[in-house]
Amino acid sequence: EAAPQHPVAVDPLVAAADGNAVPLDRVVRHAAAFAIHAEPLLGDAEPLELEDDREEVAATTEDVERILARAPQVVAFSGYCWNLDAIRQASRALKERMAAVRIVLGGRATLGAPESLLRALPDVDVLVLGEGEIPFRELLRRNFEGLESCPGVVFREGHQIVRGAPPVSVGALDDIPSPYLAGLLDPPLHAMMVELSRGCLHGCGYCTWNADKRLRFSGPERVQEVIRWAKSRGHRHITLTDSAVNYDTEALALTVGAIRRADPEGEVRFTYNLRHDRIDATQLGLLSRLPTHVVLCGVETLAAGGMEGLERAPVDARALQATLREIARVARPPVASIVLGLPHDTEEGFRRTLDTLLSWCEPGGGGAPAVGAVLVSLLQVYRGSGLWERAGELGIRHCETGIPYLIESPAWSREALARCKSLLIERMATEPDRLKAAEAIALSSVYGGADPWLQRARVGRLLSPWEQGETREGWTLEKSGMMRDTGGGFLVRFGWRGGGGVRIRMRRRAAGDDARRSTRFYALDASPIRGPMAPVQEVKRLVRLVFAMIRRNEEAMARDEDGHVGP
4 EAAPQHPVAV DPLVAAADGN AVPLDRVVRH AAAFAIHAEP LLGDAEPLEL
54 EDDREEVAAT TEDVERILAR APQVVAFSGY CWNLDAIRQA SRALKERMAA
104 VRIVLGGRAT LGAPESLLRA LPDVDVLVLG EGEIPFRELL RRNFEGLESC
154 PGVVFREGHQ IVRGAPPVSV GALDDIPSPY LAGLLDPPLH AMMVELSRGC
204 LHGCGYCTWN ADKRLRFSGP ERVQEVIRWA KSRGHRHITL TDSAVNYDTE
254 ALALTVGAIR RADPEGEVRF TYNLRHDRID ATQLGLLSRL PTHVVLCGVE
304 TLAAGGMEGL ERAPVDARAL QATLREIARV ARPPVASIVL GLPHDTEEGF
354 RRTLDTLLSW CEPGGGGAPA VGAVLVSLLQ VYRGSGLWER AGELGIRHCE
404 TGIPYLIESP AWSREALARC KSLLIERMAT EPDRLKAAEA IALSSVYGGA
454 DPWLQRARVG RLLSPWEQGE TREGWTLEKS GMMRDTGGGF LVRFGWRGGG
504 GVRIRMRRRA AGDDARRSTR FYALDASPIR GPMAPVQEVK RLVRLVFAMI
554 RRNEEAMARD EDGHVGP
């Protein structure tokens, strides 16, 4: 459940099953498949200072024009909560310009009451339910005719909404062409994702990871090919998108063996999820052979009764600590993810869980700590999840558009959530290496979130009239946004016309800050971005320019609303 909150890449909508593959060139001719997505989670920049304080993705005019430039017959979107509004906007714009285009929506956004979802998306023609490879292939084969017998689709027939045949999932992952080996995807370094297995054996109430609960695996030969492909192109980190890599010990052994044959030196490292409640001695031995970058374990809560109604067993804290310590010994100290706002948890229980796991970040007995870091997520009531289906019964209120974050529930008042958010932001500022926020905890300016004077709208006014994408005196303002992991600062990234770049970090000024590096309300510092270096004198000139803009704007802004100076 600590999966990336923004998609890094979208598998091409190309599939083979039962030995009958659709030729790739035919699919490319017949359909243009685009995904509106956020930037990769890991780029060449420092991953813990991501400059992005907007989670939901917007559809721009440029996005629509890029699609229209292909003159597509079919446009297929892979949808999730963070891009559903963007897909709605893009679909409307596409239909206005090209009425005959067919628009297909798949992905986890289609879970839960698909008929009502299709009514709410008047420009979408077909929904694909569950795993998309076989239904999408069938749509193309049938040219959108005879869909009553097409598996896994919901479609419009006049003014009626009709459901096709039951969904059909892929039987073996090796039946699907690898988008990497087929030459369809070439991800940027540090942003490669690989699915080694598909399926999840659990039905946790807060999760919608897999519609089909059957486990299916990539064979060792495919694994070897993909790892060799990645290594030959300079990739040294891969995120595994499996819900957990250790559901099946025999499959884990085959996978680890294939990885080591493809990369005997262990140069490629992996980020992956583990189910801590399935770990045994054999699996620990296998994990010791898997080069690990980050290992994630979903703990969710240690509170007694906190897992009630979620199809998850309560956690035995003592046994969990011992297991995590063993994982740390053979691989790396794991990142333990927990959830703020579970319906049967409490504010006291959440604080106790947080304190306990943070205490496990301390080394014990001369060895590695049991936990490397704690990752906190605000509860999201995903469409189609058990909590979504029972939201009325449980009294849960959540955001109805965009990412469905919890607003309040009988167990969690807005005030209780605000207190916990504020606590987390304070603790993240003092323990940035041990405590991380997965998403909106650090970004929200309401109900106890981050400082509103570090939000994008305010900082944009501080830098006015310099806008993103604009070049001044040789410097282009490339990107800006909140430091997502802590909410403790705001980053503005500039690129120099001759190569090289600089980040300027803004945080609220505190007593003792160097006056030479501060404006009245902010402390600022500049640091180069890895790569070519911009001339030192030009960097100094940029810093002076930014300081002058902020000083000019900040006091006027402070007086705007209430007539007194001071954020």
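Per the working numbering, the sequence shown starts with residue 4, numbered consecutively.
Cβ atoms here follow ideal geometry from the backbone N, Cα and C, with glycine treated the same way.
It should be emphasised that the depicted structure is a prediction, and the values quoted were computed from it without experimental measurement.
### Message
Can you check which of these residues, 145, 155, 223, 146, is closest to residue 108 by C-alpha distance?
### Response
Here residue 108 is taken as the residue at index 105 of the sequence shown, counted from 1. Cα-wise, what sits closest to residue 108 is 155.
#### Entry: 3-residue-minimum beta strand (DSSP E) runs that sit fully inside the region 321-387, ordered along the chain
338-343, 376-381
### Message
Tell me the DSSP secondary structure of residue 220 in three-state form.
### Response
Counted from its first residue, the sequence shown places residue 220 at position 217. Correct three-state label for residue 220: strand.
### Message
Mapping the DSSP letters down to three states, classify residue 259 as helix, strand or coil.
### Response
Here residue 259 is taken as the residue at index 256 of the sequence shown, counted from 1. Three-state result, residue 259: helix.
### Message
Rounding to the nearest angstrom, what Cα-Cα distance links residue 212 and residue 110 in this structure?
### Response
Position 209 of the sequence shown, counted from the start, is the residue given in the question as residue 212. Position 107 of the sequence shown, counted from the start, is the residue given in the question as residue 110. Approximately 11 Å between the Cα atoms of the pair.
### Message
Under DSSP, the alpha helix (DSSP H) around residue 433 begins and ends at which residues?
### Response
Looking up residue 433 in the sequence shown gives position 430. Segment 417-433, the alpha helix (DSSP H) holding residue 433.
### Query
So, are the CB atoms of residue 123 and residue 82 less than 8 Å apart?
Here residue 123 is taken as the residue at index 120 of the sequence shown, counted from 1. Here residue 82 is taken as the residue at index 79 of the sequence shown, counted from 1. No, they are not a contact pair.
### Query
Is the region 409-417 touching the region 328-341 in the sense that three or more CB pairs, one from each, lie closer than 8 Å?
no
### Query
Quick one: what's residue 440 bridged to in DSSP?
Along the sequence shown, one-based indexing puts residue 440 at 437. Note: residue 440 sits in a beta bridge opposite 379.
### Task
Could you tell me whether the Cβ atoms of residue 503 and residue 537 are closer together than 8 Å?
Looking up residue 503 in the sequence shown gives position 500. Looking up residue 537 in the sequence shown gives position 534. Contact: yes.
### Member of 499, 523, 556 whose CA lies at the smallest distance from the CA of residue 535
Position 532 of the sequence shown, counting from 1, holds the residue named residue 535. Among 499, 523, 556, the Cα nearest to that of residue 535 belongs to 499.
### Task
Mind checking which residues open and close the beta strand (DSSP E) that includes residue 479?
Here the question's residue 479 lines up with position 476 in the sequence shown. Residues 478-485.
### Query
First and last residue of the alpha helix (DSSP H) that includes residue 556?
Locating residue 556 in the sequence shown gives position 553, where the first residue counts as 1. Residues 539-562.
### Message
Quick check: the Cα distance between residue 313 and residue 532, rounded to an integer number of angstroms?
### Response
For the purposes of this step, residue 313 is taken as residue 310 along the sequence shown, with counting starting at 1. For the purposes of this step, residue 532 is taken as residue 529 along the sequence shown, with counting starting at 1. If I take the Cα positions, the gap works out to 44 Å.
### Rounded C-alpha distance that separates residue 421 from residue 350
In the sequence shown, the residue the question calls residue 421 occupies position 418. In the sequence shown, the residue the question calls residue 350 occupies position 347. C-alpha separation (whole angstroms): 10 Å.
### Query
When DSSP builds the beta bridges, which residues end up paired with residue 2?
Outside the modelled stretch of the chain, which goes from 4 to 570, sits residue 2, for which no answer is possible.
### Task
Quick one: using the 10 Å Cβ neighbour count with 16 as the cut-off for buried, is residue 249 buried or exposed?
One-based indexing of the sequence shown puts residue 249 at position 246. Its Cβ being crowded by 16 or more others within 10 Å, residue 249 is buried.
#### Entry: residue 540, buried or exposed, once every other Cβ within 10 Å from all chains shown has been counted against 16
Counting from 1 along the sequence shown, the entry for residue 540 is found at position 537. By the neighbour-count rule (16 or more Cβ atoms within 10 Å), residue 540 is not buried but exposed.
### Given residue 405 as reference, the closest of 229, 517, 72, 89 once Cα atoms are compared
Residue 405 sits at position 402 when you count from the first residue of the sequence shown. Residue 405 has its Cα closest to that of 89, out of 229, 517, 72, 89.
### Task
Quick one: give me the first and last residue of the beta strand (DSSP E) that residue 139 is part of.
Along the sequence shown, one-based indexing puts residue 139 at 136. Counting along the chain, residue 139 falls outside any beta strand (DSSP E), though it belongs to the alpha helix (DSSP H) covering 136-145.
### Query
Quick one: what does DSSP say residue 120 is sitting in, helix, strand or coil?
As a working note, residue 120 is residue 117 in the sequence shown. Note: residue 120 maps to helix in three-state DSSP.
### Query
Which stretch, first to last residue, makes up the alpha helix (DSSP H) that contains residue 245?
Counting from one through the sequence shown, the residue named residue 245 turns up at place 242. No alpha helix (DSSP H) holds residue 245; DSSP gives it neither H nor E.
### Task
With a threshold of 16 other CB atoms inside 10 Å of the CB of residue 216, please say whether the residue is buried or exposed.
Residue 216 sits at position 213 when you count from the first residue of the sequence shown. Answer is exposed; the Cβ neighbour count stays below 16.
### Query
What are the partner residues of residue 474, as DSSP defines its beta bridges?
One-based indexing of the sequence shown puts residue 474 at position 471. DSSP output for residue 474 lists 479 as bridge partner(s).
### Message
How far does the alpha helix (DSSP H) with residue 391 in it extend, from its first residue to its last?
### Response
As a first step, residue 391 must be located in the sequence shown, where it is residue number 388. Looking at the DSSP string, the run of the alpha helix (DSSP H) that includes residue 391 is 389-392.
### Query
Going by DSSP, what residues sit across from residue 528 in a beta bridge?
In the sequence shown, the residue the question calls residue 528 occupies position 525. According to DSSP, residue 528 bridges with 508.
### Residues sharing a beta bridge with residue 301, DSSP
Numbered from its first residue, the sequence shown carries residue 301 at position 298. Residue 301 is bridged to 340.
### Query
Around the Cβ of residue 128, are there at least 16 other Cβ atoms within 10 angstroms (buried) or fewer (exposed)?
Residue numbering aside, residue 128 sits at position 125 when the sequence shown is read from its first letter. With 16 or more other Cβ atoms within 10 Å, it is buried.
### Task
Taking all protein chains shown into account, decide if residue 383 is buried (16 or more other Cβ within 10 angstroms of its Cβ) or exposed.
Position 380 of the sequence shown, counting from 1, holds the residue named residue 383. Under this definition residue 383 is a buried residue.
### Task
In angstroms with no decimal places, state the Cα-to-Cα distance between residue 141 and residue 331.
Taking the first residue of the sequence shown as position 1, residue 141 is located at position 138. Taking the first residue of the sequence shown as position 1, residue 331 is located at position 328. Taking the straight line joining both Cα atoms gives about 46 Å.
### Task
Please name the residue or residues paired with residue 295 in a DSSP beta bridge.
Residue mapping note: residue 295 aligns to position 292 of the sequence shown, counting from 1. For residue 295, which the question treats as bridged, DSSP gives the partners 273.
### Message
Between which residues of its own chain and residue 259 is the CB-CB distance below 7 Å, once the five residues before and five after are set aside?
### Response
In the sequence shown, residue 259 corresponds to position 256, counting from 1. 289, 292, 293, listed in sequence order.
### Query
In terms of residue numbering, what span does the beta strand (DSSP E) encompassing residue 286 cover?
As a working mapping, residue 286 is identified with position 283 in the sequence shown. Looking at the DSSP string, residue 286 is not in any beta strand (DSSP E); the run it does join, the alpha helix (DSSP H), is 284-290.
### Query
residue 403: buried (16+ other C-beta within 10 angstroms of its C-beta) or exposed?
On the sequence shown, residue 403 is found 400 positions in, with the first residue counted as 1. By the neighbour-count rule (16 or more Cβ atoms within 10 Å), residue 403 is not buried but exposed.
#### Entry: Beta-bridge partners of residue 195, as assigned by DSSP
The residue you call residue 195 lines up with position 192 of the sequence shown. Answer by DSSP bridge pairing, in chain order: 241.
### Query
Shortest alpha-carbon distance to residue 203 belongs to which of 131, 277, 229?
Numbered from its first residue, the sequence shown carries residue 203 at position 200. When only C-alpha atoms are compared, the closest one is 277.
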